[in-house]
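Trainee:
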Amino acid sequence: MSNGKRTLCDVLSKYNPDSRARDILLSATDYKVKVDKDARMIVINASFPRYIKRTELSRIEREVASEDVYSLSLMRIFPSYPKELFSLNYLPEIFDDVVADGYVARGFFDDYTASLSADGAILKIAIPFRQGGIEMLRTSETEIAVEKALEREFLVKVKVSISQRGDYRDIEAAREIEKNKMISEYIQNGNRARAEAQRELDAQEAAISDAYSVPLEGGDDTAHFDREEKVLSVGTLRLDVSSPEPILGGDIHPENASPLSALNHEMTRITVAGEIFEVTSKESKDFQKLSINIGITDNMLSTYVKLRKPKEEGDKLMKLFKVGSVVLVEGRVRAEDMTERRRNYNRGDASAETQSKPIDTPPSPLPNIEYSITPFAISKVEKLIRPDTAPKKRVELHLHTSMSQMDAMASAEAVLRRAQYWGHPAIAITDHGNAQAFPDAMLESEKSGMKVIYGMEAYFVDDEARAVYGQCNSEFDDEFVVFDIETTGLSISNDSIIEIGAVILRNGELCETFSYYCNPGFHIPEKITELTGISDETVADADTIENVLPLFLEFCGDRPLIAHNAAFDTGFIRNASARQHLKFDNAYIDTLAMSRYVNTELTRHTLDAVA
């Protein structure tokens with residue numbers, strides 16, 4: 000979408016900006032807008048004559064994306080400016096963009112130094128972190144991200160090099176002194192606020208420590224607590240924390256909550272919130288203890304809450320944890336080296352059961368770490384569901400349930416309950432080619448009184464489909480090529496041919512044969528081996544399709560081809576030919592369509608049935 004004479008204020012017509020935001024949007028000299036209605040995303044690339052702080056653009060993004068305006072999952076404004084505006088003073092804004100795109104955790108560029116080479120071709124950035132942290136930035140392509148951000152915003156092409164500041168040890172020492180000072184003040188004053196500040200400082204330091212830290216990928220990396228509304232927002236969840244229901248331990252303060260992405264090995268205590276997606280338990284060998292694992296997620300990250308209780312107490316707790324419930328959890332972070340655990344599991348070591356140990360210092364080299372929480376307190380809270388505030392309720396006439404394979408996950412009962420919660424008078428179920436959701440929908444309808452409109456996306460067979468494709472003027476006593484192929488799967492794009500077999504028929508008699516295996520270059524799935532008898536060993540010494548296909552096309556010449564369900568076989572041949580820039584335009588005859596014309600008494604037209 001180009002701008003024409005419309006301004007960004009015209010494009011974002013539902014947005015009522017304040018004077019500052021309005022001036023920014025009106026100042027755009029050119030823009031392009033990309034809208035994805037299904038994913039609820041808006042991305043704007045806009046040119047501005049003067050520099051605008053990232054905080055201003057981020058505010059506009061949040062306001063436009065809010066539920067009161069467009070209710071978006073993503074809203075981004077990518078600015079660009081005249082090249083002459085660029086200077087090193089603008090680098091903090093560039094770093095903010097890189098952080099927002101998830102390439103690096105916050106804090107890496109708090110104490111940077113930067114310089115341009117004399118020819119302006121190289122930008123050197125030095126940060127006060129250990130070499131492991133520098134290598135992690137390179138692995139996550141942060142340098143490339145900064146280069147792209149500079150080119151996108153200022154049309155400046157430079158090579159970015161991130162290295163270690165020479166005084167990084169002095170800065171680390173200063174941080175340690177400041178941390179110890181805060182701890183001392185807390186001990187002397189007994190001030191809870193100091194303890195909270197210390198925990199936040201520890202979390203920030205853990206997030207930007209050397210190679211042990213991991214950049215957050217997408218989404219909001221903070222938790223937000225509305226004191227007036229008593230609403231906690233974490234991940235994609237909005238929770239009513241006005242009346243927590245204690246399950247274990249004492250009160251939990253939701254204002255201290257962090258997202259699950261903040262879990263770190265150096266934390267001694269953390270408060271998180273999440274929806275339960277799994278609850279499992281295991282008795283000890285003497286049947287006196289019960290180990291309980293509770294899987295929770297904030298839809299950005301997931302972890303397990305692990306506790307071990309006497310059998311009787313554990314059984315009572317198990318009844319309180321239900322999948323779908325939402326809990327606040329306060330506890331200690333535990334880190335588990337999954338590399339060692341998997342090694343023990345593969346050895347059959349009985350000691351490799353789910354026993355996690357606190358890791359006080361990061362081991363070396365960097366292990367495969369999984370974090371869990373040992374709870375001090377757990378409380379149940381309510382999840383807030385977005386309401387439908389429209390005065391006139393809609394009726395959804397096109398909805399798929401979990402019975403639409405690879406297309407939906409919600410059950411018929413769940414969608415009926417949600418439609419009823421929103422006050423919709425009815426809802427239509429239109430699954431792909433089946434009516435399997437109807438019984439569940441009927442039962443839920445009888446319980447709730449919700450009206451169901453029963454439908455389906457039906458499939459039609461073209462019973463007038465032609466059997467001959469392409470220009471074919473041959474007589475019955477001319478030469479034809481009858482062929483068949485075997486493949487690693489059904490996808491023309493992702494699977495490969497593993498066998499081609501063909502014969503030339505002249506006047507109904509066999510004249511020549513062609514038979515080759517093809518090595519696909521990857522493992523042949525066991526299911527395909529079971530169906531075709533072709534395994535990795537069968538094709539180990541075979542040529543690739545790149546070498547076999549030219550021989551097959553030469554064998555065919557310009558003769559018409561014959562195959563059963565020919566569209567499948569010729570589709571693979573055509574795709575492989577296109578990749579090698581080979582000509583394949585032979586006419587072909589489909590015996591499947593022909594059988595449907597001729598053998599009208601058959602109910603099935605598979606190759607076995609026709610033969």
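Residue 335 in numbering that gives the first Met the number 0 sits at position 336 of the sequence shown, and the numbers go up by one each step. Glycine included, every Cβ here is placed at the ideal spot set by N, Cα and C.
Distance, Cα to Cα, residue 486 vs residue 498?
Mentor: As a first step, residue 486 must be located in the sequence shown, where it is residue number 487. As a first step, residue 498 must be located in the sequence shown, where it is residue number 499. Approximately 7 angstroms, taken between the alpha carbons.
Trainee: Classify residue 298 as helix, strand or coil using the three-state DSSP reduction.
Mentor: Here residue 298 refers to the residue found at position 299 when the sequence shown is read from its first residue. Coil.
Trainee: If contact is defined by three or more beta carbon pairs under 8 angstroms, each pair taking one atom from either stretch, is the region 323 to 330 in contact with the region 262 to 275?
Mentor: With the cut-off at 8 angstroms, the region 262 to 275 and the region 323 to 330 touch.
Trainee: Taking only the alpha-carbon atoms, compute the straight-line gap between residue 536 and residue 483 and give it to the nearest angstrom.
Mentor: For the purposes of this step, residue 536 is taken as the residue at position 537 of the sequence shown. For the purposes of this step, residue 483 is taken as the residue at position 484 of the sequence shown. Here the alpha carbons of residue 483 and residue 536 stand approximately 21 angstroms from one another.
Trainee: Exposed or buried, which one is residue 518 when buried takes at least 16 other CB atoms within 10 Å?
Mentor: In the sequence shown, residue 518 corresponds to position 519, counting from 1. Classification of residue 518: buried, given that the 10 Å Cβ count is 16 or more.
Trainee: Which same chain residues, not among the five before or five after residue 60, have their C-beta less than 7 angstroms away from its C-beta?
Mentor: On the sequence shown, residue 60 is found 61 positions in, with the first residue counted as 1. Same-chain partners within the cutoff: 74, 75 and 76.
Trainee: Is residue 137 buried or exposed, if buried means 16 or more other CB atoms sit within 10 Å of its CB?
Mentor: As a first step, residue 137 is located in the sequence shown; it is residue number 138 there, counting from the start. Looking at its Cβ environment, which holds fewer than 16 other Cβ atoms inside 10 Å, residue 137 is exposed.
Trainee: Excluding the 5 residues preceding and the 5 following residue 408 in the sequence, name in chain order all residues of the same chain whose CB lies nearer than 7 angstroms to its CB.
Mentor: Residue 408 sits at position 409 when you count from the first residue of the sequence shown. Excluding positions up to five away in sequence, the list reads 401.
Trainee: Keeping to the same chain, check which residues put their C-beta closer than 7 angstroms to that of residue 213; ignore five residues upstream and five downstream.
Mentor: The sequence position of residue 213 within the sequence shown is 214, counting from 1. Residue confidence is low: residue 213 scores 33 on pLDDT, short of 50, so the model does not pin down where it sits. Its coordinate-derived value is still stated next. Closer than 7 angstroms at Cβ, skipping near neighbours: no residue.
Trainee: Spatial neighbours of residue 27 within its chain, please: CB distance less than 8 angstroms, with the 5 preceding and 5 following residues excluded, ordered by chain position.
Mentor: Numbered from its first residue, the sequence shown carries residue 27 at position 28. Only 2, 6, 7, 45, 46 and 47 meet the Cβ criterion.
Trainee: Report yes if the CB atom of residue 432 is closer than 9 angstroms to the CB atom of residue 455, and no otherwise.
Mentor: Counting from 1 along the sequence shown, the entry for residue 432 is found at position 433. Counting from 1 along the sequence shown, the entry for residue 455 is found at position 456. Yes, they are a contact pair.
Trainee: Consult DSSP for residue 120 and reduce its assignment to one of helix, strand or coil.
Mentor: The residue given as residue 120 occupies position 121 in the sequence shown. Residue 120 falls in the coil class under three-state DSSP.
Trainee: Distance check for residue 55 and residue 72, CA to CA, integer angstroms please.
Mentor: Locating residue 72 in the sequence shown gives position 73, counting from the first residue. Locating residue 55 in the sequence shown gives position 56, counting from the first residue. Going by the C-alpha atoms only, they are around 19 angstroms apart.
Trainee: Less than 9 angstroms separating the beta-carbons of residue 108 and residue 124?
Mentor: Residue mapping note: residue 108 aligns to position 109 of the sequence shown, counting from 1. Residue mapping note: residue 124 aligns to position 125 of the sequence shown, counting from 1. Cβ distance < 9 angstroms, so residue 108 and residue 124 count as in contact.
Trainee: Does the region 250 to 262 come close enough to the region 281 to 290 that 3 or more CB-CB pairs lie under 8 angstroms?
Mentor: no
Trainee: Spatial neighbours of residue 96 within its chain, please: C-beta separation below 7 angstroms, excluding the five flanking residues on both sides.
Mentor: Counting from 1 along the sequence shown, the entry for residue 96 is found at position 97. Same-chain partners within the cutoff: 53 and 148.
Trainee: Name the two residues that bound the continuous beta strand (DSSP E) containing residue 375.
Mentor: Taking the first residue of the sequence shown as position 1, residue 375 is located at position 376. Judged by DSSP secondary structure, residue 375 falls within the beta strand (DSSP E) whose first and last residues are 368 to 382.
Trainee: Would you report the Cα separation of residue 334 and residue 140, rounded to the nearest angstrom?
Mentor: Against the sequence shown, residue 334 aligns to sequence position 335. Against the sequence shown, residue 140 aligns to sequence position 141. One C-alpha to the other measures close to 27 angstroms.
Trainee: Is the separation between the beta-carbon of residue 154 and that of residue 36 shorter than 9 angstroms?
Mentor: Translated into the one-based positions of the sequence shown, residue 154 becomes position 155. Translated into the one-based positions of the sequence shown, residue 36 becomes position 37. Not a contact, by the Cβ cut-off of 9 angstroms.
Trainee: Using 8 angstroms as the Cβ pair cut-off and three pairs as the minimum, do the region 585 to 592 and the region 559 to 577 touch?
Mentor: yes
Trainee: Which one of 446, 508 and 466 has the shortest CA to CA distance from residue 476?
Mentor: Position 477 of the sequence shown, counted from the first residue, corresponds to residue 476. It is 508.
Trainee: What's the C-alpha gap between residue 602 and residue 435?
Mentor: Mapped onto the sequence shown, residue 602 falls at position 603. Mapped onto the sequence shown, residue 435 falls at position 436. Their Cα atoms are separated by approximately 24 angstroms.
Trainee: What's the call for residue 250, buried or exposed, on a 16-neighbour Cβ count within 10 Å?
Mentor: Position 251 of the sequence shown, counted from the first residue, corresponds to residue 250. Exposed: under 16 other Cβ atoms inside 10 Å.
Trainee: Put residue 38 into one of helix, strand or coil per three-state DSSP.
Mentor: Mapped onto the sequence shown, residue 38 falls at position 39. Looking at residue 38 - three-state DSSP - the assignment turns out to be coil, as it is neither helix nor strand.
Trainee: Per DSSP, residue 29 is paired with what?
Mentor: As a first step, residue 29 is located in the sequence shown; it is residue number 30 there, counting from the start. According to DSSP, which records beta bridges pairwise, residue 29 is partnered with 46.
Trainee: For residue 358 and residue 34, what's the separation of their Cα atoms in angstroms?
Mentor: Here residue 358 corresponds to residue number 359 of the sequence shown, with the count starting at 1. Here residue 34 corresponds to residue number 35 of the sequence shown, with the count starting at 1. Confidence in residue 358 is poor, its pLDDT being 40 and thus under 50, which makes the residue's placement too unreliable to answer from.
Trainee: Going straight from the alpha carbon of residue 9 to that of residue 15, what length do you get?
Mentor: The sequence position of residue 9 within the sequence shown is 10, counting from 1. The sequence position of residue 15 within the sequence shown is 16, counting from 1. In this model, residue 9 and residue 15 are separated by some 11 angstroms (Cα to Cα).
Trainee: Near residue 458, what residues of its chain come up, given a Cβ to Cβ distance below 6 angstroms and the 5 sequence neighbours on each side ignored?
Mentor: Taking the first residue of the sequence shown as position 1, residue 458 is located at position 459. Result list for residue 458: 432, in chain order.
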